[in-house]
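Let me begin by presenting the structure, written as C-alpha cells, before commenting on it.
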Amino acid sequence: MGNPHAARRKALMDRVGPRAVAVIGWKKTTQRNSDVEFRFRQTSDVLYLTGFPEPETVAVIAPGRAQKFVLFVRPRDAERETWTGRRAGLEGAIAKYGADAAFPVDQLAVELPKLLDGADEVMYVPGDDREMDELILKALADLRAGERRGMRAPTRITDLRTTLHELRLIKDDDALTKMRRAAEITRDAHVAAMKAARDGVHEYEIEALIDYTFRKNGGHTGYGTIVGGGVNATILHYVDNAEPLRQGELLLVDAGCELDGFTADVTRTYPIGGRFGVAQRRAYQLVLDVEKKCIESVKPGATIDGIHQQAVELLTQGMVDLGLLKGTVRELIDSGAYKRFYMHRTSHWLGLDVHDVGSYTVDGKPRPLEPGMVLTVEPGLYVPPDATDVPGELRGIGIRIEDDVLVTAGGHEVLTRAVPKEPADLEALTTSAA
C-alpha cells in the first residue's frame, strides 16, 4: 500500500501545480475548564496529508520548491514532555513523517513569507482560524513591502477546500481499510449494547459499554454517542444519556468508532429487553424497508438528493398508512407536512469527519455518486410524545436505522452490513438481556 500520506500529498501537488503554496493546520489544544484541556484530536486535513498527531502543527505544501513538504511543529522540550507527553520534534517530523524540512512552530511568522515568496497563489481555508487569516495577510503585506528588494507576493488567495476536500471525498485503499475495521468495532459495540439494554439500566451505562468496546479495540468515539430510550429517541441529537431504560419502549443508539482518524456512523433502534410491540414493529418495518430500498439505489450516477427524495416519498406513504398523516403523498410532500415526523436529510458524506467534506453539488446540480465515495443512508421516523392527533400507540416513538455505504464500480458495498437490524435478530439479542 506504500505511504498513504505521501501519495495524498503527491495528489494534492499534482492538482495545485508548481506556482501555488498550500498552508494547512495550526489547531491548538482547547481548554475544558480551569487548567484542564480537552483530549486533542488533530484536524482532519493535517491527518489526511501527514498523519502528524500533535497540536500546533502547520503543514506547508509547495510543489514548485526543492523543499516541497515543510512541517512547523512543537520542538522537543524535556521539561514539557515530562508533564504532557512525548513530542516528535523537528527530528521526528523529518525522520518519521517525511518532511523535507521542519521548523519550530513559533517561527511560522518568520518563515512563512519566505515560503510564499515568488508563488502566484496561496491556498488555505479562509475564515477557519483568525490567527491563520492574520498570519497569511501579514505575510503577504511583508512580501509586498519587500518588492523593491526582489520579493514577490502571491496575487491570489484560494480556498483550499475546493482542491483538498475533493481529494478526501474519494477514499483510497488506506482509508477504506480503516473504515472497514472501524465498522467491525462498531458492530461489536452495538451488539454489546443490544445484549445489555434492559429495564432499569441507564442510558449512560450503555454509552459506557460502547465507549469501552471502542477503546479496548484501539478506537475512540467518532462523535457524541446518542443513547435515547423511549421519548428521548425523538430528539435527534440527544446526548444527555441520563435516563433509565424502560421495558416495552424502544432504544435508539447512534454510535460510531473512530479508528486512526476515520469514523463509522451507525444507528440502530430496538426493543428494550424484549420484543417489538405491534405498533412499534409496523413503524420499525417501515423505516427498515425504506432504508433497504434507498441502499439499493446507491450506485455510480445516482445522487444523494435523489436518494433523499426516494426516502421522503416512501416514508410519507408509510406515514399515511400508519395514520400519522392524511392526504395524498404528493400534497404532503409539497406542503412539507411530512417534516413533522421526518425532518433531516437521508445521507451525508463519511470519512475523517462524521459529516465529511466534499461538495454535494456540481455546477448547481446534485452531484452524481462515484466509486470511492462513502455515504450514510439513515431514514427515520420521529413522533412527538405530545402529538395528540396521531394514534396513541405511536406517540413518543423515535426510530432511525443508519448504515455506511461505499459506492463501487458495480453498485455499492454496505460497510456496516454486519450490524444486526432485522427485527428477529434484534429481538434474539434483546430478549437475551431480559
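The sequence shown begins at 67 in our numbering and counts up by one. C-beta: ideal position from N, C-alpha, C; glycine also. As the structure is a computational prediction, the values presented were derived from the model and not from experiment.
DSSP state of residue i mapped onto helix, strand, coil
{"i": "A475", "result": "coil"}
{"i": "P170", "result": "strand"}
{"i": "I127", "result": "strand"}
{"i": "F104", "result": "coil"}
{"i": "D306", "result": "coil"}
{"i": "E468", "result": "strand"}
{"i": "L311", "result": "coil"}
{"i": "Q97", "result": "strand"}
{"i": "A505", "result": "Summary: the structure shown does not reach residue 505, with the chain confined to residues 67 through 500, and so no result is reported for it."}
{"i": "I272", "result": "helix"}
{"i": "G296", "result": "helix"}
{"i": "T369", "result": "strand"}
{"i": "F118", "result": "coil"}
{"i": "L481", "result": "coil"}
{"i": "T287", "result": "strand"}
Supposed close pair residue i, residue j - CB separation, criterion 8 Å
{"i": "A262", "j": "G464", "result": "The pair is not a contact, with the Cβ atoms about 20 Å apart (cut-off 8 Å)."}
{"i": "P129", "j": "V171", "result": "22 Å between Cβ atoms; not a contact."}
{"i": "C360", "j": "T427", "result": "At roughly 19 Å, the Cβ-Cβ gap does not stay under 8 Å, so C360 and T427 are not in contact."}
{"i": "I127", "j": "R75", "result": "6 Å"}
{"i": "D166", "j": "V139", "result": "The Cβ separation is near 14 Å, so there is no contact."}
{"i": "L113", "j": "L418", "result": "6 Å"}
{"i": "P121", "j": "T95", "result": "5 Å"}
{"i": "V423", "j": "R227", "result": "7 Å"}
Test item: CB-CB of residue i and residue j under 8 Å
{"i": "E333", "j": "R246", "result": "Here residue 333 is Thr; the residue named in the question, Glu, does not match the sequence. Cβ distance not < 8 Å, so T333 and R246 don't count as in contact."}
{"i": "L325", "j": "K244", "result": "yes"}
{"i": "H256", "j": "A321", "result": "yes"}
{"i": "M189", "j": "W92", "result": "no"}
{"i": "L441", "j": "H421", "result": "no"}
{"i": "M260", "j": "L495", "result": "yes"}
{"i": "A73", "j": "G164", "result": "no"}
{"i": "V471", "j": "V364", "result": "yes"}
{"i": "G477", "j": "V297", "result": "no"}
{"i": "N501", "j": "Y278", "result": "Nothing can be reported for residue 501: it is not among the residues displayed for the chain, which extend from 67 to 500."}
{"i": "R348", "j": "L388", "result": "yes"}
{"i": "A490", "j": "R253", "result": "no"}
{"i": "L492", "j": "A345", "result": "no"}
{"i": "L78", "j": "L233", "result": "yes"}
{"i": "V456", "j": "L390", "result": "yes"}
{"i": "I399", "j": "V386", "result": "no"}
{"i": "A248", "j": "A330", "result": "yes"}
{"i": "E309", "j": "G295", "result": "yes"}
_Quick test of the definition: if touching needs 3 or more C-beta pairs under 8 Å, does the region 425-440 touch the region 289-303?_
no
*Kindly provide the ranges of any alpha helix (DSSP H) runs that are 4 or more residues long and lie completely inside the region 319-366, ordered along the chain.*
344-362
*Can you find at least 3 beta carbon pairs, one from the region 442-462 and one from the region 349-356, that sit closer than 8 Å?*
yes
*Write down every uninterrupted run of the beta strand (DSSP E) in the region 144-203 whose length is 3 residues or greater and which is fully enclosed by it, in chain order.*
167-170 and 187-190
*Continuous beta strand (DSSP E) assignments of at least 3 residues falling wholly in the region 222-253*: 222-225
*4-residue-minimum alpha helix (DSSP H) runs that sit fully inside the region 390-451, ordered along the chain*: 395-400
*asked:* Closer than 8 Å is the cut-off here; do at least three beta carbon pairs connect the region 306-317 with the region 336-347?
replied: yes
*Count the C-beta pairs between the region 179-193 and the region 151-163 that are closer than 8 Å, then say yes if the count reaches three, no if not.*
no
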